[in-house]
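Note sheet for the following structure.
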Amino acid sequence: MKPIAQSTGSRTRRSGADAQRPERAARFPKLVGMCADGAAALGGLRVAIVGCGSVGGRVALHLARCGVRGLVLIDPKKYRPVSLLTHECYPEAIGKNKADVIATLCRRICPDLEIRVYVKPVQDLSLAGLVEADVVVMATDNLPAEVDTGQRCIWLGKPLVHAALHGETLTAVVRFFGNLGGQGPCPACLFGLREWRDHDANVRQYSCDGTAHDPSLEGAGVVPTRSLSFLCAMSADLATNQVIRHALRLGRSVCNTAVEYNGYTHRTVVVPMRRNSNCPCEHVQYRVVRSARPIPDLSIRELVETAGANHKSHDLLLQIPDMRWVDQMKCKCGAVTVVRHFQPFGDLCTQKCQTCKRIVVAGPMDASGAVATVALDSVLDVPIRRLGVRALSHATLRDANRVWLVVPAHHDSPQ
Amino acid sequence: MKKTTSTSSNRPGLNDLSKVELSGGVLMKMRFAQLLNAGSASWQARKTAELRDFLAIEQIGGPIEVLAADLSGDLKITAEMRMPVPRRPTEGSGLRLGDHAVLGLVYTFEATRQPQPGTSFVYILDPGDVWHPNVSSGNLPVQVLCLGPTVPAGFPLKHILLLTYASLTMMAAQFDELDPAGVLNREAAQWWQRNVHLLPLSREPFLKATQTRKPAT
Ligand SMILES: [Zn+2]
Ligand SMILES: [Zn+2]
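Going down the list, the protein sequences come from chains A and B.
Numbering-wise (numbering that gives the first Met the number 0), the first sequence opens with residue 0 and increments by one.
Numbering-wise (numbering that gives the first Met the number 0), the second sequence opens with residue 0 and increments by one.
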């Protein structure tokens, strides 16, 4: 996987702008019930925003003004002329990537903000891409992206703020999923039949030749959310309120609650949300382990030891993203060629048969996306780099009871 | 060895395979595969359950025989399925029909939670010359069967088997090159469009095929 474009995956923190901090602190209210220094607490906060449109874009601008430490901005889409009606944007932005434009605006508001930009669907982001975030804000009208983001936040134990709206009834809704230990609700827990139907209509489609189509990105069959600019702003305001309340522990815990504001009745309703036992998501929190050395430099034994797992356990399964393990392959002459190598998905693994000198190609039954570590005994002490993996963002280990996500300590890995 | 009778009145359907008791050689296959089953408890249980369904179909005399099963990483099953299989026509004799296909089935952990491309489950290991619009041919090392644009998350492997049966017997193949799923063998698609009178290769439903086979012993 490669970083997209110049701005994608880039992280910047401008120096020389610290002079602006005191000004911000002077404006920061003495919030009721706030124990610590609010401005300082927010100054350490990193927020990932999935969907930088009419709601998510505004949340990003709010958070930049609040003086958070970092933002991860994820959105595959560009501004269109119709965006002027609901988004915080101007005609110059039309045709530009939403995430890039929002990043530029946030940097102008707060030059020392650390920003990462990903111009791609959240589903294509490496799992490690959200590891550094303290809170994730989701503001997308794409149900597969909602399910995927919800699942990632459960795995990583990240609080998830879901900002949504219903234009026809002037309703803004903000749901806060606490994701403590994977036991609470997730967005998919709340889906009914209608949501699953819409979800299925928007999932990625593949041609037999392997080409992928995202109906929601291509605009085919997707009903655009109808809303008014102020309602989008209201949803963004409520979402930011929940982020700040959570970060500064203001008032009652907002975990696993939904806030609904209705513009007709001016009523605000707060309701608890519960886990649905039929939810198809994996409600398990991963243990995130940071490796001081780049993961490809570790041997599998070292990788397993870094995680604190046991490589001799018959349960332990290793997964390297986008790679498959090829143990051996069988030639038509019957001879077996030992491979013991990781191979990128989609690449052909070929070797010459030592017996008949024919070229042997690994078939699907010779490869596995996940491999039991007991089956790796003969290569346990070989650096992963020498097993065909040059760069990777993370590795996953799972046994019967636990899952470990090993990420580099310094997160500048490929996404 | 316990014999399972397979009359239409008491033969379990695809939905109650869990009631089928495995015995004899079939049970041995299950035990052997379970010697190395890795991953989270739910993934291990899922792999076991999917393999058990296959073995239950074999136990009740269904049209498949499991040749090998690997639960150690991804779930991988090699199975022989008895059914008419279209093979590349020759100059003189036209379309040839095989009486079985050896299938390689792969089910990844990701398939339990995310929709997958229709090409990521079923490979035809034998015969090597399947003549079918949705089966790849040519220079590829392995023949892939495309089951459609997307297979939903968590789709049971027994249903994939059913789709494979319907597809290879040409009961439900996709000929239209303009369809989003596309075709994998254009030449075969055009050939079949000219020879629709040969369709389908079988009218036996999968369950009927289950019924008429001699039970496994
Ligand atoms: Zn859930
Ligand atoms: Zn050979």
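The C-beta atom is built at its ideal place from N, Cα and C for all residues, glycine as well.
Quantities reported herein were computed from a predicted structural model and do not represent experimental measurements.
Endpoints, alpha helix (DSSP H) assigned at residue i
i: glycine 56 of chain A; result: 55-65
i: isoleucine 299 of chain A; result: 299-306
i: glutamine 173 of chain B; result: No alpha helix (DSSP H) holds glutamine 173 of chain B; DSSP gives it neither H nor E.
i: leucine 41 of chain A; result: 37-41
i: threonine 103 of chain A; result: 97-108
Coil, strand or helix - residue i by DSSP
i: phenylalanine 229 of chain A; result: helix
i: glycine 220 of chain A; result: Any reading at glycine 220 of chain A must be qualified, since the residue scores a pLDDT of 48, below 50, and its modelled position is unreliable; the value itself is stated next. The answer is coil: DSSP assigns glycine 220 of chain A none of H, G, I, E or B.
i: phenylalanine 341 of chain A; result: strand
i: arginine 212 of chain B; result: In this prediction, arginine 212 of chain B has a pLDDT of 45, which is less than 50 and means its spatial position is unreliable; what the coordinates show is noted afterwards. Residue state, collapsed to three classes: coil.
i: proline 295 of chain A; result: helix
i: glutamine 142 of chain B; result: strand
i: threonine 11 of chain A; result: Because the pLDDT at threonine 11 of chain A is just 47, under 50, the model does not fix this residue reliably, and the value given afterwards should be weighed accordingly. Of the three classes helix, strand and coil, the one that applies to threonine 11 of chain A here is strand, per DSSP.
i: glutamate 167 of chain A; result: helix
i: proline 219 of chain B; result: Only positions 0 to 216 of chain B appear in this structure, which leaves residue 219 of chain B out of reach.
i: isoleucine 319 of chain A; result: coil
i: arginine 79 of chain A; result: coil
i: proline 214 of chain A; result: helix
i: leucine 186 of chain A; result: Correcting the residue identity first, residue 186 of chain A is proline in this sequence and not leucine. Residue state, collapsed to three classes: helix.
i: threonine 354 of chain A; result: coil
i: leucine 30 of chain A; result: coil
i: proline 199 of chain B; result: coil
i: leucine 247 of chain A; result: coil
i: leucine 404 of chain A; result: strand
i: proline 90 of chain A; result: helix
i: proline 204 of chain B; result: coil
i: histidine 409 of chain A; result: coil
i: threonine 336 of chain A; result: strand
Start and end residues, beta strand (DSSP E) containing residue i
i: isoleucine 153 of chain A; result: From DSSP, isoleucine 153 of chain A is part of no beta strand (DSSP E) but of the alpha helix (DSSP H) over 142-155.
i: serine 290 of chain A; result: 286-290
i: aspartate 466 of chain A; result: In the structure as shown, chain A begins at 0 and stops at 414. Residue 466 of chain A is therefore absent and cannot be evaluated.
i: lysine 329 of chain A; result: 322-329
i: alanine 200 of chain A; result: From DSSP, alanine 200 of chain A is part of no beta strand (DSSP E) but of the alpha helix (DSSP H) over 192-201.
i: lysine 157 of chain B; result: Segment 156-167 is the alpha helix (DSSP H) holding lysine 157 of chain B; no beta strand (DSSP E) there.
i: leucine 396 of chain A; result: 394-397
i: glutamine 192 of chain B; result: Here glutamine 192 of chain B belongs to no beta strand (DSSP E); instead the alpha helix (DSSP H) covers 185-193.
i: alanine 138 of chain A; result: Careful: alanine 138 of chain A lies outside any beta strand (DSSP E) and carries neither H nor E.
Bridge-paired residues (DSSP) for residue i
i: lysine 75 of chain B; result: B/Asp69, B/Val105
i: glutamate 113 of chain A; result: A/Gly69
i: serine 367 of chain A; result: A/Trp324
i: asparagine 418 of chain A; result: Nothing about residue 418 of chain A can be reported from this structure: the residues present for chain A run from 0 to 414 only.
i: threonine 256 of chain A; result: A/Phe175, A/Pro271
i: isoleucine 48 of chain A; result: A/Leu72, A/Val136
i: histidine 161 of chain A; result: A/Met137, A/Arg174
i: valine 359 of chain A; result: A/Gln350
i: glutamine 122 of chain A; result: Looking at the DSSP assignment, glutamine 122 of chain A forms no beta bridge with any residue, so it has no partner.
i: proline 279 of chain A; result: Answer is none; proline 279 of chain A lacks a bridge partner.
i: glutamine 204 of chain A; result: A/His212
request  = Quick one: which residues of the stretch 247-280 of chain A get their C-beta closer than 8 Å to a C-beta of chain B? List them in chain order.
outcome  = So the close ones are Pro279, Cys280.
query = What residues in the stretch 5-39 of chain B bring their beta carbon closer than 7 Å to a beta carbon of chain A?
reply = Leu35, Ala37, Gly38, Ser39
ask   = Any residues in the stretch 356-371 of chain A with a beta carbon nearer than 7 Å to a beta carbon of chain B? Which ones, in chain order?
value = Only Val360, Gly362, Pro363, Met364, Ser367, Gly368, Ala369, Val370, Ala371 from the stretch 356-371 of chain A bring a Cβ to less than 7 Å from some Cβ of chain B.
request  = Output, in sequence order along the chain, the residues in the stretch 78-110 of chain B whose CB is closer than 8 Å to any CB in chain E.
outcome  = Absent here is chain E; the protein component of the structure consists of chains A and B.
request  = Run through the stretch 82-133 of chain B for me and flag every whole beta strand (DSSP E) of 3 or more residues, listed as ranges in chain order.
outcome  = When DSSP assignments are scanned along the stretch 82-133 of chain B, the uninterrupted stretches of beta strand (DSSP E) that are 3 or more residues long and fall wholly within it turn out to be 93-106, 121-125.
task = Please list the residues of the stretch 38-57 of chain B that have a C-beta atom closer than 8 Å to any C-beta atom in chain A, keeping them in chain order.
result = Gly38, Ser39, Ala40, Ser41, Trp42, Gln43
request  = Note down, one range per segment and in chain order, each alpha helix (DSSP H) of at least 4 residues found wholly within the stretch 6-65 of chain B.
outcome  = 23-32, 40-58
message = Under 7 Å, CB to CB, which of the residues in the stretch 126-147 of chain B have a partner in chain A?
response = So the list reads Asn133, Pro140, Val141, Cys145, given in the order they occur along the chain.
ask   = What is the chain-ordered set of residues for which the beta carbon lies under 5 Å from any non-hydrogen atom of ligand 4?
value = The ligand content of the structure shown is limited to ligand 1 and ligand 2, which means ligand 4 is not among them.
query = In chain order, what residues of the stretch 297-315 of chain A put their CB closer than 7 Å to some CB of chain B?
reply = His313, Asp314, Leu315
ask   = Taking any Cβ of chain B, which residues in the stretch 390-407 of chain A have a Cβ under 9 Å from it, in chain order?
value = Arg397, Asp398, Ala399, Asn400, Arg401, Val402
message = Which residues of the stretch 328-346 of chain A have a Cβ closer than 8 Å to any Cβ of chain B? Give them in chain order.
response = none
task = Name, going along the chain, the residues of the stretch 149-179 of chain B whose beta-carbon falls closer than 8 Å to a beta-carbon of chain A.
result = Thr149, Pro151, Ala152, Gly153, Pro179
Near-chain B residues of the stretch 192-204 of chain A - C-beta to any C-beta below 9 Å = Within the stretch 192-204 of chain A, the qualifying residues are Asp199, Val202, Arg203, Gln204.
key: Interface residues of the stretch 184-195 of chain B facing chain A [CB-CB below 8 Å]   = none
query = If contact means a Cβ-Cβ distance below 8 Å, which residues of the stretch 150-182 of chain A contact chain B?
reply = Gln150
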